[in-house]
Amino acid sequence: MIGNVLGMVLIAQGFLMFLPVLVDLIYQEGLYDSYLIVIAICLVLGYALTRKRARVNSYFAKDGMLAVGLAWIILSFFGGLPFYLSGEIPSFVDCFFEAVSGFTTTGSSILTEVESLKHATLFWRSFTHWIGGMGILVFILALMPKSNDRDMHIMRAEAPGPTIGKLVPRMRQSAMILYTMYMGLTVIMIILLLIGKMPLFDALCNTFGTAGTGGFAIKNTSIGAYSNAYYEIIITIFMILFGVNFNMYYFLLIKDFKQVFKNEELRSYLGIILFSIVCITLNILSIYHFDVLKSVRLASFQVGSIITTTGYSSCDYTIWPQFSKMILFLLTILGASAGSTGGGVKVSRMLIIVKKIKLDIQKLLHPQKVEAITMDGKVVDTEIVNQILAYFCSFIIIVGIIIFLISFNNLDFETTITAVITCIGNVGPGYGLCGPMGNFSMFSDFSKIVLSFAMLIGRLEIYPILIFLSPVLGIRNVSKSFHKRKKRRA
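Once you know that position 180 of the sequence shown is 1153 in my numbering, the rest is easy, because the numbers rise by one and skip nothing.
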């Protein structure tokens, strides 16, 4: 059953790779054979895996998470092969890192000279953001002729946020609606950039990076290379739009405005963005000679880029005062809305954690008081609250372990800490050597592999990758020993 899912992923990836082949044929740069080899491998393996009929067709939560975890690792492995075969990136570890960063919409890069890459490579790097933004398995579910309610376990494992529900009763229709809205916003942004006279190739790549909230730039100095206020404004608006829960767009389409206006996460998300822009603008005014419009524009771009975990930059914000840098660092951890293409912990989770703390304080002051946590006027199930608390604790523990492993590189404190936070948060740039004008090339191969899994853990929100690694971590053995003890006691 899981093999069938992996087969469909490989077939989908094989067909999607024809796009960079087309780009290479247009620019005649001689990379098409590298992609055709990988396409052939993907299609042959995919066909072989889907040919075997599964005895069971119902997915349970564990199966869905395992399938998703494996699918993303395989997707990244084959996604990085063209970089290696073409010689554009000589090290396979670097290729894997770059592909993982692309599909997980992180945008961290090991490349020191982006503009020297050929068009097919630049296109495929950016297009991996667009594929990974909404999720390759959600894309497959939208195309599958047959789907059932068990497929929701796959969607839950891949979609970001504490909970995910169907927009309409049929799973396939829900996936199609999500991708229709995703493609619609993508097309609108491409058109607006073209109106501003951005070259078509640049408009496509920058839109893919924005839509997937990934941030792979095709210029060495990212969006700042264009020195164009119109481009920055358009990209800022769409970064923020892609950081909104896509359910809100569905409610707008069906004219259910009440659901949009009463959504607490949306109000908090926009409120945090506005507050951060105001604070940073006031803090950086003196740096830009009290040019208010420029300060607002730069602050808005960076706040939108970091909270949505896109990772584009319009300037070197590491030269900003510590206050502004700390706001951006906190936004790195926070992330965008649940159900968006953004990463991070998610605004809805932080809201529920804050409400849980508030409720516990109230119970300490008034032990007899009975009150539940609510979101959007509905009571949040205790199990969901416990899952969010477990997720947050797991997040902190995993960050600590990865920082410990990365510290063997003996890099400075700022680089080490922010590299881990930005990878697991799927943001891209950090501070220090891995800042907006830096990269991740200085890390060892071991650290790059660890950071690659950090990106996967962040994108799939911990559990799918941990379930995949459970035999290595000894979780299965713990479970077996527990059941053996239970039998002996009985």
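Every residue, glycine too, gets a C-beta built ideally from N, C-alpha and C.
**OP:** Could you please give me the residues that DSSP links to VAL1352 through a beta bridge?
**Re:** THR1347
Subject >> Rounded distance between the beta-carbons of ILE1047 and PHE1056, thought under 8 Å >> reply: Not a contact, Cβ separation roughly 16 Å.
Subject >> Cβ separation of PRO1172 and PHE1096, assumed to be a contact under 8 Å, to the nearest whole Å >> reply: With a Cβ gap of about 13 Å, PRO1172 and PHE1096 do not count as contacting.
**OP:** Please name the residue in LEU1301, ASP1229, SER1200, SER1286 whose C-alpha comes closest to that of SER1249.
**Re:** LEU1301
Original post:
Run through DSSP, which three-state label would HIS1467 get?
Top reply: Since the displayed the chain opens at 974 and closes at 1463, residue 1467 lies outside it and no answer follows.
Original post:
What number of angstroms, rounded off, separates the C-alpha of VAL1073 from the C-alpha of GLY976?
Top reply: 21 Å
Subject >> Close beta carbons around GLY987, own chain, < 6 Å, minus the five adjacent residues each side >> reply: ILE1012, CYS1015, LEU1016
Subject >> Among GLY1037, GLN1001, ILE1196, the one whose alpha carbon lies nearest that of TYR1436 >> reply: GLY1037
**OP:** Classify VAL1327 as buried or exposed, calling it buried when 16 or more other Cβ atoms lie within 10 Å of its own Cβ.
**Re:** exposed
Original post:
ILE1196 to SER1321, Cα distance in whole Å?
Top reply: 29 Å
Original post:
Going by the beta-carbon positions, is the gap between ILE1207 and LEU1166 smaller than 8 Å?
Top reply: yes
Original post:
Alpha carbon to alpha carbon, what distance is there between GLU1237 and VAL1352?
Top reply: 13 Å
Original post:
How should TYR1242 be labelled, buried or exposed, when 16 other C-beta atoms within 10 angstroms of its C-beta is the threshold for buried?
Top reply: buried
Original post:
Comparing alpha-carbon positions, which option in LEU1158, GLU1344, MET1428 lies nearest LEU1332?
Top reply: GLU1344
Original post:
Would the segment 1361 to 1376 and the segment 1333 to 1342 be scored as touching if the rule is three or more Cβ pairs under 8 Å?
Top reply: no
Original post:
Just to confirm, does LEU1429 get its C-beta within under 7 Å of one of the non-hydrogen atoms of the ligand HEM?
Top reply: Of the ligands one can find in the structure shown there are none, so the ligand HEM has no counterpart to examine.
**OP:** Give me the Cα-Cα distance between LEU1303 and TYR1404, rounded to the nearest whole angstrom.
**Re:** 13 Å
**OP:** Please confirm whether ASN1193 and GLU1356 have their CB atoms less than 8 Å apart.
**Re:** no
Original post:
What span of residues does the alpha helix (DSSP H) with GLN1001 cover, start to end?
Top reply: Taken as a continuous stretch (DSSP letters only), GLN1001 belongs to no alpha helix (DSSP H), as it is neither H nor E.
**OP:** Could you give the DSSP three-state label for GLN1341: helix, strand or coil?
**Re:** coil
Subject >> Residue interval of the alpha helix (DSSP H) (run including MET1428) >> reply: 1418 to 1432
**OP:** Can you give me the start and stop residues for the alpha helix (DSSP H) that SER1313 sits inside?
**Re:** Looking at the DSSP string, SER1313 is not in any alpha helix (DSSP H), and its letter there is neither H nor E.
**OP:** Grab me the residues of ASN1412's own chain with a C-beta within less than 7 Å of its C-beta, minus the 5 sequence neighbours each way, in chain order.
**Re:** SER1082, ILE1083, LEU1084, THR1085
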